[in-house]
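The structure under discussion appears below in the form of structure tokens.
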Amino acid sequence: MSENEYRPQEFEPRWARRWAEQWPFAALPAGRAKYYVLEMLPYPSGTLHMGHVRNYAIGDALARFMWMRGYDVLHPMGWDSFGLPAENAAIKNNTHPRTWTLANIAHMKQQDLRFGFAYDWRREVTTCLPEFYRWNQWFFLRFLERDLAYRKKGWVNWCPKCATVLANEQVAGGVCWRHEDTPVERRELEQWYLRITAYADQLLRDLDRLPEWPERVRTMQRNWIGRSEGAEVDFAVLDAAGRPGGEALRVFTTRIDTIFGASALLLAPEHPWLAAHLAPEQQAAARALAADRNGGFDSAAEPEKHGFFTGHWARNPFSGEKLPIWIANFVLMGYGTGAVMAVPGHDERDFEFCRKYGLPIRQVVVPEQGAAPAAALDAAFTGDGWLIDSGEFSGLPNRDAIVRMTAEAERRGFGQAKVSYRLQDWGISRQRYWGTPIPVVYCERCGIVPVPDAQLPVLLPDDVRITGTGQSPLAEATSFLRAACPRCGGPARRETDTMDTFVDSSWYFFRYTSPREESAPFDRAAVARWLPVDQYIGGIEHAILHLIYMRFFTKVMRDMGMVAFDEPVTRLFTQGMITRSGAKMSKSKGNVVDPAEMIERYGADATRMYVLFAAPPEKDFDWNDQGVEGLHRFLSRVFRFATRHAERLRGRLAAPERPRPRTAAETALLRATHQLLARVTRDFEERWHFNTSIAGAMDLVNRWYLLDGAIASGEVGAAVLGEVAGIFLRLLAPFAPFLAQELWSELGGAGEIALERWPEFDPELAREEEIEIPVQLNGKLRARLVVPPALDSGELRRRALEDPKIAAALNGRTPRQVIVVAGKLVNVVV
RNA sequence: GCCCGGGUGGCGAAAUUGGCAGACGCACGGGACUUAAAAUCCCGAGGCCCGCGAGGGCCGUGCGGGUUCGAUUCCCGCCCCGGGCACCA
Numbered sequence: 018m019s020e021n022e023y024r025p026q027e028f029e030p031r032w033a034r035r036w037a038e039q040w041p042f043a044a045l046p047a048g049r050a051k052y053y054v055l056e057m058l059p060y061p062s063g064t065l066h067m068g069h070v071r072n073y074a075i076g077d078a079l080a081r082f083m084w085m086r087g088y089d090v091l092h093p094m095g096w097d098s099f100g101l102p103a104e105n106a107a108i109k110n111n112t113h114p115r116t117w118t119l120a121n122i123a124h125m126k127q128q129d130l131r132f133g134f135a136y137d138w139r140r141e142v143t144t145c146l147p148e149f150y151r152w153n154q155w156f157f158l159r160f161l162e163r164d165l166a167y168r169k170k171g172w173v174n175w176c177p178k179c180a181t182v183l184a185n186e187q188v189a190g191g192v193c194w195r196h197e198d199t200p201v202e203r204r205e206l207e208q209w210y211l212r213i214t215a216y217a218d219q220l221l222r223d224l225d226r227l228p229e230w231p232e233r234v235r236t237m238q239r240n241w242i243g244r245s246e247g248a249e250v251d252f253a254v255l256d257a258a259g260r261p262g263g264e265a266l267r268v269f270t271t272r273i274d275t276i277f278g279a280s281a282l283l284l285a286p287e288h289p290w291l292a293a294h295l296a297p298e299q300q301a302a303a304r305a306l307a308a309d310r311n312g313g314f315d316s317a318a319e320p321e322k323h324g325f326f327t328g329h330w331a332r333n334p335f336s337g338e339k340l341p342i343w344i345a346n347f348v349l350m351g352y353g354t355g356a357v358m359a360v361p362g363h364d365e366r367d368f369e370f371c372r373k374y375g376l377p378i379r380q381v382v383v384p385e386q387g388a389a390p391a392a393a394l395d396a397a398f399t400g401d402g403w404l405i406d407s408g409e410f411s412g413l414p415n416r417d418a419i420v421r422m423t424a425e426a427e428r429r430g431f432g433q434a435k436v437s438y439r440l441q442d443w444g445i446s447r448q449r450y451w452g453t454p455i456p457v458v459y460c461e462r463c464g465i466v467p468v469p470d471a472q473l474p475v476l477l478p479d480d481v482r483i484t485g486t487g488q489s490p491l492a493e494a495t496s497f498l499r500a501a502c503p504r505c506g507g508p509a510r511r512e513t514d515t516m517d518t519f520v521d522s523s524w525y526f527f528r529y530t531s532p533r534e535e536s537a538p539f540d541r542a543a544v545a546r547w548l549p550v551d552q553y554i555g556g557i558e559h560a561i562l563h564l565i566y567m568r569f570f571t572k573v574m575r576d577m578g579m580v581a582f583d584e585p586v587t588r589l590f591t592q593g594m595i596t597r598s599g600a601k602m603s604k605s606k607g608n609v610v611d612p613a614e615m616i617e618r619y620g621a622d623a624t625r626m627y628v629l630f631a632a633p634p635e636k637d638f639d640w641n642d643q644g645v646e647g648l649h650r651f652l653s654r655v656f657r658f659a660t661r662h663a664e665r666l667r668g669r670l671a672a673p674e675r676p677r678p679r680t681a682a683e684t685a686l687l688r689a690t691h692q693l694l695a696r697v698t699r700d701f702e703e704r705w706h707f708n709t710s711i712a713g714a715m716d717l718v719n720r721w722y723l724l725d726g727a728i729a730s731g732e733v734g735a736a737v738l739g740e741v742a743g744i745f746l747r748l749l750a751p752f753a754p755f756l757a758q759e760l761w762s763e764l765g766g767a768g769e770i771a772l773e774r775w776p777e778f779d780p781e782l783a784r785e786e787e788i789e790i791p792v793q794l795n796g797k798l799r800a801r802l803v804v805p806p807a808l809d810s811g812e813l814r815r816r817a818l819e820d821p822k823i824a825a826a827l828n829g830r831t832p833r834q835v836i837v838v839a840g841k842l843v844n845v846v847v
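If you use the numbering used here, the first sequence closes out at 847, no skipped numbers anywhere.
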């Protein structure tokens, strides 16, 4: 082989084909330590985008490294293949969602193969196939049995573009997570919910047991769960005669200490009490208030507070005072009890509301002990302090008062301590076709009846008209709709909503361990071997959606006795975004970089490697075509050097006996090589800063090019050159698997380089014979000493002071102090 | 408003434990090769100033302080950018 051009398009597909046909990692001996590397499974939208490439390049480099380090690695891939785009495409192209989806999967899998990602495709999981989704149904039934799935009517988020309901997690800032220009509407619907709130405390507490998750993600989850301690207090409603009736309105408050300052009760416009107590025109006004809350999402400002008096009164259980019952648009039905006490003196929102409507504003906490209240508050005082005008509790520090007053409420039977969560139950019903059918029927006689396990899967019917109108398409599929009640055999109607696709992704990574298991979602022994996931890699956008649902599912499985651990992922890595011209890539902006085009122009290796080189993987970076060209150039240099010296290198990549250096040039070359080895190994083990690994590799290759003379003269012999190339190619293999394999094969290496052992670091060879020590004068660099690395402090000090430049600068003066850090630096202070 | 990140040459970045700021790459400039260009190979390069030159000096990691022999790194205060949450009582 003579020196020639680097043309990845010629050899990359050849290896890709071979790896697709005979998976090289299949024959690993058992009994090694396991390592589970997982990348978030993609939605098969049609083509790979650069975000995928980054995600998989990181995971693949790690998986390949761990293989070479001797681990038994599980590195699977699958398809999150239910979901709305398939239905939209079906309408647009007049095809079936399945046809469209499976075609996309086939194409994207070809792209994955072309990139050389080392997945175990024998374990491929496709969530839209009945073999997978029947287990969604199985889990649903288990949840139902454990009272973790239930049906209720409630106010839900509705995206008019998706024409379906969204979970709270799928609404951000009042807009749909898929349609950022579409405000979410509120609708009242019957829905299936999963009782994630039953696990709120565990989900919160166990975040402390995930030290290897990014702090950012844990914080986001903590905020999302939103635990807050307070109390519930009942306010008796007064009847027409002004006496407390049988009814009471319950509020949640974290500031029971301020209850003597309450000016009103405020109810959410959707509060159920209102239905029976408001006149028709008031009901309409309440509905208008509810709608008012949805407006104004575009502006950063909060919507104006509105409300009105219902005409009813309640009694403050502590002070006995009469309080008007108001409706207020800023009170949320979904949090606490949907009712609050308005304490304008000590809550900013209540202050704003009460001032607007002329309700009394009183101060019942003062910042200093014994202080008098302000004559007129011009803002709420929300800090800690001492109670005043609060009956027997006056004079107490407010924190103590919270404890005492909660106990008092409990003793007198009108309240108790209560923990509230922002987190709400997970609504999983979707009024769409392309999803997992929810396995229940509605029987005229028996009501809601679960489909028995033996009748699973409830198959999605094929003959369905998809219109995108917001009706569950299954409701029109008569063959599907009609069912016999499993309990009484009588006529029954199937549930026509399908499940949120986040159900699939909550447990798919268990399925990889035993993808063909037919009697259970997974084989327990296989899961016990592989789980928890050692390293999960994906985008930050799933910080509170997928990543909280999967934790929830795992905890339920633990309670069911299916698994012995309660957190599914030991280490989480969230990669940064790739932007272009400073903006997120999107079709509408026309700034998308197509990976297929990059492969065509620069090859898979250069594309993958550029993505790793451009920035540390957790950081965002802006795409630069010339950057990929740079990586292509680097790989070309590797290729040309190897082919130019092919005759010398052939058969010498992995000599059984490690060659010893004979000349200074050989010593220097081996030293640089082993220093690089140490650097790349440490980057993998500790920091994942592949950009510096690759920079180091470039450095070494730059040295090679300066050695041509030394190679020609024999100063660098074939044995050492072969050793260096052998180490280098193995270091390159996790980043540029095609080129590493091509050169490995061309130069006489046996079999798959990916199955080679990671080279062994020799500290002896890496050791420097001489190092440069900077000498500072008053902290400023003035000279450099070249010394043996182990030179002791006394000698360093002596040589520094003898240095002509330092001596000249001292000019006979005695230094006040000489700082000597052996092996690092000398600082002479005068 | 609250909570996270981040701010270093023309650009992406590096500096691993408080110890030579700017490795590596991109873009750029010069040279070699070529009739020429491209490709390739070699060399140069933070800014300002002094010197014909070898070389030397000063400044420099968002801004202002502090700790230290020494700060991109630690502490305090501020500014700017990005992201998340946002009436959660």
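C-beta: ideal position from N, C-alpha, C; glycine also.
query	result
With 16 other Cβ atoms within 10 Å as the buried cut-off, status of Y374	buried
Residues near W194 in its chain [Cβ-Cβ closer than 6 Å; skip 5 each side]	Q187
A396, DSSP secondary structure in three states	coil
Residues bridged to A248 [DSSP beta-bridge criterion]	T270, A434
Nearest to V845 (by Cα), restricted to the options L284, V804, L798	L798
Boundaries (first-last residue) of the beta strand (DSSP E) holding G341	Residue 341 is actually Pro in this sequence, not Gly. Element bounds for P341: 339-345.
Option nearest S531 by Cα separation, candidates V544, P490, A426, W524	V544
At least three beta-carbon pairs within less than 8 Å, the stretch 111-127 to the stretch 96-103	yes
Reduced DSSP secondary structure (H/G/I, E/B, other) of W443	strand
Endpoints, the beta strand (DSSP E) within which D551 is located	550-556
Whole-angstrom C-beta distance between R625 and A74, which should lie under 8 Å	4 Å
Closest Cα partner of G432 within the set T354, R546, D442	T354
Rounded straight-line distance, which links the Cα of L764 to that of G743	9 Å
Cβ contact check for the stretch 684-703 and the stretch 777-785: 3 or more pairs under 8 Å	yes
Where R35 sits in the DSSP three-state scheme	helix
Among F277, R704, R204, R528, the one whose alpha carbon lies nearest that of L55	R528
Buried versus exposed call for L476 [16 or more other C-beta atoms within 10 Å across all chains shown]	exposed
Per DSSP, cross-strand counterpart(s) of V360	BP columns for V360 are empty, so no partner.
Beta-carbon proximity list for T271, same chain, < 6 Å, skipping 5 on both sides	S245, G247
Assigned secondary structure, E56 (DSSP; H/G/I helix, E/B strand, else coil)	strand
Rounded straight-line distance, which links the Cα of R774 to that of M85	5 Å
Other residues of its chain near L165: CB distance less than 7 Å, five sequence neighbours each side excluded	L211, R212, A215, V573
Beta carbon of P456 nearer than 8 Å to that of V466	no
Anticipated Cβ contact below 8 Å, G133 with F755, distance rounded	6 Å
Among T680, L724, Q380, the one whose alpha carbon lies nearest that of R661	L724
Classification of E512 by the beta-carbon crowding that lies within 10 angstroms, buried from 16 upward	buried
Presumed contact (8 Å Cβ cut-off) between F277 and G408, rounded CB distance	7 Å
Per-residue DSSP class, three states only, for Q793	strand
Inter-residue spacing [alpha-carbon to alpha-carbon] between A317 and Y459	For A317, the pLDDT reaches just 40, beneath the cut-off of 50, and the residue's location in the model is therefore unreliable, although a value from the coordinates is still provided. Roughly 45 Å separates the two Cα atoms.
Within 8 Å, strictly: CB atoms of L629 and F752	yes
Own chain partners of L282 with C-beta closer than 8 Å, once the 5 adjacent residues on each side are dropped	F252, L266, V268, A331, L340, P341, I342, W343, A356, V357, M358, A359
Reduced DSSP secondary structure (H/G/I, E/B, other) of I378	coil
Neighbour-count burial assignment, R222, 16 or more Cβ in a 10 Å radius	exposed
Top-ranked residue by Cα proximity to V381, from I405, A388, D367, D395	I405
Distance, L749 Cα to A659 Cα	13 Å
Close beta carbons around F707, own chain, < 6 Å, minus the five adjacent residues each side	L629
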